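**Student:** Sharing a structure with you now.
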Amino acid sequence: MKQFLMAVALAVAIAPVAVVSTTGVAMAGPIDRACMTSDRKARSPRLCACIQQVADRTLSRSDQRMAAKFFRDPQRAQDIRQSDNHSHEIFWRKYRAFGETAAAMCS
69 MKQFLMAVAL AVAIAPVAVV STTGVAMAGP IDRACMTSDR KARSPRLCAC
119 IQQVADRTLS RSDQRMAAKF FRDPQRAQDI RQSDNHSHEI FWRKYRAFGE
169 TAAAMCS
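Residue numbers (the numbering used here): 69 to 175.
Rendered as structure tokens:
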């Protein structure tokens, strides 16, 4: 499980806690969905929901969608991390803070 959290934290990479829409329908967030469909052995509904809760507190929805892509394509995370694009640099700082918080709160 620790390796899974580190993958999230570094981006080389719970019954779901759902976000309730205005219509009252429960919906999982993009991080939770990506986590649950990943091939990582440590994934679990509890862990993925915890990571989503941290994402909800630390990342915008747009940032969450970008981060969710890392579960399928870890190389994308490396490309973003190494990019000279200013918006990627800003995202990466927020993403690193998200990963550190998720590792601390969800272990």
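For each residue, glycine too, the CB sits at the ideal point set by N, CA and C.
Remember, predicted model here, so these are calculated numbers, not experimental data.
Over the uninterrupted alpha helix (DSSP H) stretch that includes Cys-174, give me the two end residues.
**Tutor:** For Cys-174, no alpha helix (DSSP H) run applies, since DSSP gives it neither H nor E.
**Student:** Give me, in chain order, the residues of the same chain whose beta-carbon lies closer than 7 Å to that of Thr-169; leave out the 5 immediate sequence neighbours on both sides.
**Tutor:** Counting only Cβ-Cβ distances below 7 Å, and skipping sequence neighbours, we find Val-122, Thr-126.
**Student:** Under a three-way DSSP split, which group does Asp-187 fall into?
**Tutor:** The question about residue 187 has no answer, for the chain in this structure spans 69 to 175.
**Student:** Which two residues bound the contiguous alpha helix (DSSP H) that contains Ala-102?
**Tutor:** Secondary structure note for Ala-102: its alpha helix (DSSP H) is the uninterrupted segment 98-105.
**Student:** Assuming Phe-159 contacts Met-134 (C-beta within less than 8 Å), just tell me the rounded distance between them.
**Tutor:** 6 Å
**Student:** Pull up the distance between the alpha-carbon of Asp-141 and that of Asp-147, whole angstroms please.
**Tutor:** 10 Å
**Student:** Can you give me the C-alpha to C-alpha distance between Pro-98 and Lys-162, rounded to a whole angstrom?
**Tutor:** 16 Å
**Student:** For Arg-149, which residues in the same chain have their Cβ closer than 6 Å to its Cβ, ignoring the five residues on either side in sequence?
**Tutor:** Trp-160
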